[in-house]
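Participant: Chain order of the listed sequences is Z and H.
Just so you know, the first sequence maps onto residues 31 to 334 in this note's numbering.
Just so you know, the second sequence maps onto residues 31 to 334 in this note's numbering.
For glycine and all other residues, C-beta sits at the position ideal for the given N, C-alpha and C.
There are 2 protein chains.
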Amino acid sequence: MVIDSLIEKIIEKQNPTCVGLDTAPEYLPEHIRCHWAVRCHLADDIFEFNERIIESIYDIVPAVKVQVAYYEALGVKGMECFEKTCAYAKKHGLFVIADCKRSDIGATAEQYAKAYFGAEEGRFGRYIDLLTVNGYLGSDGIAPFVNSAKENDKGLFVLVKTSNPSSGELQNLKLSDGRTVYECMGDTVEKWGEGACGKYGYSRVGAVVGATYPEEAKILRKRMPHSFFLIPGYGAQGANAEMLKHCFQKGGMGGIVNSSRGILCAYQKSDKWQYYDNRAALCARDAALKMKEDLLSVLGEIHA
Amino acid sequence: MVIDSLIEKIIEKQNPTCVGLDTAPEYLPEHIRCHWAVRCHLADDIFEFNERIIESIYDIVPAVKVQVAYYEALGVKGMECFEKTCAYAKKHGLFVIADCKRSDIGATAEQYAKAYFGAEEGRFGRYIDLLTVNGYLGSDGIAPFVNSAKENDKGLFVLVKTSNPSSGELQNLKLSDGRTVYECMGDTVEKWGEGACGKYGYSRVGAVVGATYPEEAKILRKRMPHSFFLIPGYGAQGANAEMLKHCFQKGGMGGIVNSSRGILCAYQKSDKWQYYDNRAALCARDAALKMKEDLLSVLGEIHA
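1) Can you name the residues of chain H whose CB is closer than 7 Å to the CB of Z:Asp170?
2) What did DSSP end up calling H:Arg153 once you bin it into helix, strand or coil?
3) Given that H:Ile135 touches chain C, what residues does it touch there, using C-beta distances under 7 Å?
4) Could you name the residues of the same chain whose beta carbon sits closer than 8 Å to that of Z:Ala226, not counting the 5 residues immediately before and after it, in chain order?
5) Does the contact criterion of 3 or more C-beta pairs under 8 Å hold for the segment 71-87 of chain H versus the segment 54-62 of chain H?
6) How far does the beta strand (DSSP E) with Z:Arg132 in it reach, from first residue to last?
7) Applying the 10 Å Cβ sphere with the 16-neighbour rule, what's the burial state of Z:Glu113?
8) Quick check on DSSP: helix, strand or coil for Z:Cys111?
9) Among Z:Cys295, Z:Cys313 and Z:Asn182, which residue has its Cα nearest to the Cα of Z:Tyr57?
10) Restricting to Cα atoms, I'd like to know which of H:Gly240, H:Gly165 and H:Lys204 is closest to H:Trp222.
11) Please list the residues of the segment 171-191 of chain Z that have a C-beta atom closer than 8 Å to any C-beta atom in chain H, keeping them in chain order.
12) Identify the continuous alpha helix (DSSP H) that holds Z:Ala103 and give its terminal residues.
13) Mind checking H:Gly201: buried by the 16 CB within 10 Å criterion, or exposed?
14) So, for Z:Ala334: in the same chain, excluding its five sequence neighbours on each side, which residues have a beta-carbon less than 8 Å away from its beta-carbon?
15) Report the residue from H:Asp217, H:Asp89 and H:Gln97 whose alpha carbon sits nearest the alpha carbon of Z:Tyr142.
16) How would you write the range of the alpha helix (DSSP H) that H:Phe79 sits in, first residue to last?
17) For H:Arg153, which residues in chain Z fall below 8 Å Cβ to Cβ?
18) Please report whether the beta-carbon of Z:Met273 lies at a distance below 9 Å from any beta-carbon of chain H.
19) Indicate whether at least one CB of chain H lies closer than 9 Å to the CB of Z:Cys214.
20) When you compare the CB of H:Gly268 with every CB in chain Z, is at least one pair closer than 9 Å?
21) Within 10 angstroms of its Cβ, does H:Tyr305 collect 16 or more other Cβ (buried), or is it exposed?
22) Measure the C-alpha to C-alpha separation of Z:Arg156 and H:Phe147 and round it to an integer number of angstroms.
23) Would H:Leu312 pass as a contact of H:Ser86 if the rule is Cβ separation under 9 Å?
24) For Z:Thr192, which residues of its own chain have a beta-carbon under 6 Å away from its beta-carbon, when the five flanking residues on both sides are left out?
25) Using a C-beta cutoff of 9 Å, does Z:Leu51 count as contacting chain H?
26) Applying the criterion that 16 or more other CB atoms from any shown protein chain within 10 Å of the CB defines a buried residue, is H:Glu110 buried or exposed?
27) Between the Cα of Z:Ala271 and the Cα atoms of Z:Gly330, Z:Cys214 and Z:Gly216, which residue gives the shortest distance?
28) Ignore the nearest five residues each way along the sequence and tell me which others in H:Ser300's own chain have a CB closer than 6 Å to its CB.
29) Taking only beta-carbon positions, decide if Z:Arg132 is within less than 9 Å of chain H.
30) Beta carbon of H:Phe125, beta carbon of H:Leu160: below 9 Å?
31) Identify the residues that DSSP records as bridge partners of H:Tyr212: which are they?
32) According to DSSP, is Z:Val91 helix, strand or coil?
33) Between H:Gly330 and chain Z, is any beta-carbon pair separated by less than 9 Å?
34) Distance, Cα to Cα, H:Gly268 vs H:Asn194?
35) With distances taken Cα to Cα, identify the nearest neighbour of H:His71 among Z:Gly50, Z:Met273, Z:Gly152 and Z:Leu203.
36) Apart from the five residues just before and just after Z:Gly105, which ones in its own chain have a Cβ nearer than 6 Å to its Cβ?
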């Protein structure tokens, strides 16, 4: 079961983090950007950069999170790069989280589930383990993802409390029953995950909970004991290890923390390896190791 | 301004509808499906079907709505077909609504805005006029779409009250201030549209309001006088013309109604043109004309 395997990989590597491949063109270092002159497409450069990052971190992190928006922005060629990136990460034994935040009515959600969970030739799902989705449409928009996740041994993360500054505008509104919208969404996610738990007590239906909101995270962690959290917001978005410890349960279990810019752009803030062609990747590894140490210093040893 | 032009096209054609190109493989008629043997990809057949539908309706409807999930399900080839379909519709003078329901935090929403509104070589945005988005993340997730829409003369439809059976689970919950979640979302959308109104009084920031919920539509229509509505749910999903009249204002203004299966699959329920190779397209035109008559019988002549 995918969440069990992810947990085992996190324990094995003692690293509850994933590297976010939100690869914006402006993140590419000169030595890759200069290929533009002889290459046919920017997407090829993005892929080369992703390859180098994956090669430099695959032995120390359990997963990557690929943010599809950066690839969609480059059109069809970008989507080809998205697929190649997912495939390359998978080939290196990494869990692949597709950060797509998809949502739609039942019949259409079924198509998205095929796209990102389907194993058939041509589908992105061949290289993807976990997908982020948006629950604004209610349970008939989520059921196709849950059903397909069970059939294909995949998992999903539903947006509950997002990491962005204005997430509270809707998510923190009080309902007439006393709960906030995010608490209500959290309760619903916990319910969607019923009957889909693995041996460590976490279900296939997880939640996105931003590290930037420790108070909300504390509340959600209590309300959602069976939900595995995907935790954005560390690093460039402003959250530190102390803030996100509330997202975890005993033994540092129950979550995986993402960092994107903090890893991909580490080379821009470093003086190391100045004369190495591959310094962006070396700095990324360095930053990923620092992030791991930082989290472990707060969470302690990760164990089941 | 895009909404003004759309309104003028609706008046010119006396037709406040759009055809939904949610082209599932099982919608394809035999004479297109039999190409599978000699073609390299199902996406080519989907495109051929879309071409025929567009050719058969472009003179009588103002717009198409292309549901990207059906194309994403076919991977990179599917996204190529999505782009070609949008381009072909645009070439025929149709407004193109990309039904993508995208949402993310600010920096990522910027990438989506580039993808679907950007005019640069390679971007889907070259062929798209309007985009559906999801507002669960709050205003910093929507601002990039609004800004880009202003720059590139595009428009967006934010999910407010969706047409699916379980949409009320979250959207109809009561807030402590007495509003429902969908009313709150509606008020927010109206606010996001401030300063972006065209000469007919409608802003670039519209709303998705399902025809399947007439009571909610009535309430939203009053609260959102400046928001243009994209109205799904007619036909296969169960709403009729009488139910959706509440989505409109004086003169039949303020909305565009989508039908997908009801048009694309009309040939499956018809005996007409049995020996014509192009009967699916002929039946689609027939169904689109019937839908127009049905709506006009309730709305009367459309005028500014």
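Facilitator: According to the structure data:
1) Asn194, Pro195 and Ser196
2) coil
3) Chain labels in this structure do not include chain C; the protein chains are Z and H.
4) Val176, Ala179, Lys180, Ser233, Arg234 and Val235
5) yes
6) Phe125 to Arg132
7) buried
8) helix
9) Z:Cys295
10) In this structure, H:Gly165 is the residue among H:Gly240, H:Gly165 and H:Lys204 with its C-alpha nearest to the C-alpha of H:Trp222.
11) Close to chain H, meaning a Cβ-Cβ distance shorter than 8 Å, are the following residues of the segment 171-191 of chain Z: Gly171 and Leu189.
12) The continuous stretches of alpha helix (DSSP H) do not include Z:Ala103, and DSSP gives it neither H nor E.
13) One detail in the question is off: residue 201 of chain H reads as Gln in this sequence, not Gly. Buried.
14) Ile37, Ile41, Tyr230, Gly281 and Met283
15) H:Gln97
16) Its alpha helix (DSSP H) spans residues Leu72 to Ile87.
17) Ala103, Leu104 and Gly105
18) no
19) So, interface residue.
20) Not an interface residue.
21) exposed
22) Looking at the two C-alpha atoms, the distance is approximately 29 Å.
23) yes
24) If we look at Z:Thr192 and ignore the five residues flanking it on each side, its Cβ neighbours are Gly240.
25) no
26) buried
27) Comparing alpha-carbon positions, the option among Z:Gly330, Z:Cys214 and Z:Gly216 lying closest to Z:Ala271 turns out to be Z:Gly330.
28) Cys313
29) yes
30) The beta carbons of H:Phe125 and H:Leu160 sit closer together than 9 Å.
31) Looking at the DSSP assignment, H:Tyr212 forms no beta bridge with any residue, so it has no partner.
32) Coil at Z:Val91, not helix or strand.
33) no
34) 10 Å
35) The shortest Cα separation from H:His71 among Z:Gly50, Z:Met273, Z:Gly152 and Z:Leu203 belongs to Z:Gly152.
36) The answer is none, since no qualifying residue turns up.
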